[in-house]
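Everything on this sheet refers to the single structure shown next.
Numbering (our numbering), first residue to last: 51 to 291.
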């Protein structure tokens, strides 16, 4: 596993006006797709609802509060299968979307209707810098697939010292047992106690974000490795105390 570092070039290419579709961001992904060649590109299932923007005569995007609420309510009714490549590429799309990393059976985000989950999300809102997060990941051997900025421009300008970001972890296979899913999320909370509490909630909805600062096409997690990573992290904390 490569050492985790802040990707300055990628972050700058992603920091663009959301109405500009012709951007180096897309060139970056076209180049990455060529590098992948015929290598496996994992497909995952999650719940995504889209909101295609409407524009006024001056080209400004028009959204209403009711349209956002409608989109969020429909997330659980929109199970979607897509490749990780397309999922990350969509993070730079100006069309608004909301997602939940799980899928559900009856269109409701409840424990009884939960079906499966392969992507696990942790968010940090001013509690940890990217550099500290990266050092932790390298220390315990657990790495995300992608990291996004979720803060304002002032925080993004801090680059490796930014403190508002979201990390996506991809399990090697879908998890279909709720207790097992909760265990994986709990492992991540132990390793990253600074992460936002809402990430443990099965009902949490996220936006797609636009600014990516780290990407590793090959990064995967496995529950048994997370278990060992927790032990390693706890031992390190006690040793330092």
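All C-beta atoms, glycine included, are put in the ideal place defined by N, C-alpha and C. Computed from a predicted structure; not experimentally measured.
So, helix, strand or coil for residue i, using DSSP?
i           : result
residue 146 : strand
residue 281 : helix
residue 257 : strand
residue 276 : helix
residue 126 : helix
residue 71  : Bear in mind that the predicted position of residue 71 carries a pLDDT of just 47, short of 50, making it unreliable; the figure below should be weighed with that in mind. In this structure, residue 71 counts as coil in the three-state DSSP scheme.
residue 137 : helix
In the DSSP output, which residue or residues are listed as bridge partners for residue i?
i           : result
residue 152 : 167
residue 252 : None, per the DSSP bridge assignment.
residue 99  : 148
residue 265 : 196
Between residue i and residue j, is the Cβ-Cβ spacing less than 7 Å?
i           : j           : result
residue 138 : residue 99  : no
residue 264 : residue 110 : no
residue 171 : residue 249 : yes
residue 129 : residue 168 : no
residue 199 : residue 215 : yes
residue 220 : residue 270 : yes
residue 148 : residue 255 : yes
residue 141 : residue 274 : no
residue 228 : residue 267 : no
residue 127 : residue 157 : yes
residue 222 : residue 272 : yes
residue 154 : residue 91  : no
residue 242 : residue 276 : no
residue 212 : residue 202 : no
Could you spell out where the alpha helix (DSSP H) holding residue i opens and where it closes?
i           : result
residue 217 : Looking at the DSSP string, residue 217 is not in any alpha helix (DSSP H); the run it does join, the beta strand (DSSP E), is 214–225.
residue 178 : Neither: residue 178 is in no alpha helix (DSSP H) and is coded neither H nor E.
residue 235 : 228–241
residue 92  : No alpha helix (DSSP H) contains residue 92, which DSSP labels as neither H nor E.
residue 205 : 203–206
Along the chain, where does the beta strand (DSSP E) containing residue i start, and where does it finish?
i           : result
residue 132 : 129–133
residue 55  : No beta strand (DSSP E) contains residue 55, which DSSP labels as neither H nor E.
residue 192 : No beta strand (DSSP E) contains residue 192, which DSSP labels as neither H nor E.
Skipping 5 residues on each side, what residues in its chain have a beta carbon closer than 7 Å to that of residue i?
i           : result
residue 53  : 188
residue 231 : 167 and 225
residue 151 : 96, 167, 169, 170 and 171
residue 60  : 78, 262, 263 and 265
Can residue i be considered in contact with the ligand FMN, in the sense that its beta carbon sits closer than 6 Å to one or more heavy atoms?
i           : result
residue 245 : The ligand FMN is absent from the structure shown, which contains no ligands of any kind.
Leaving out the 5 sequence neighbours to the left and right, which residues in its chain are closer than 6 Å to residue i when beta-carbon positions are compared?
i           : result
residue 210 : 56, 180 and 181
residue 131 : 93 and 95
residue 246 : 173 and 175
residue 178 : 244
residue 197 : 215, 217, 263 and 264
residue 146 : 101
residue 162 : none
residue 133 : 91 and 93
Spatial neighbours of residue i within its chain, please: C-beta separation below 8 Å, excluding the five flanking residues on both sides.
i           : result
residue 112 : 103, 104, 105 and 106
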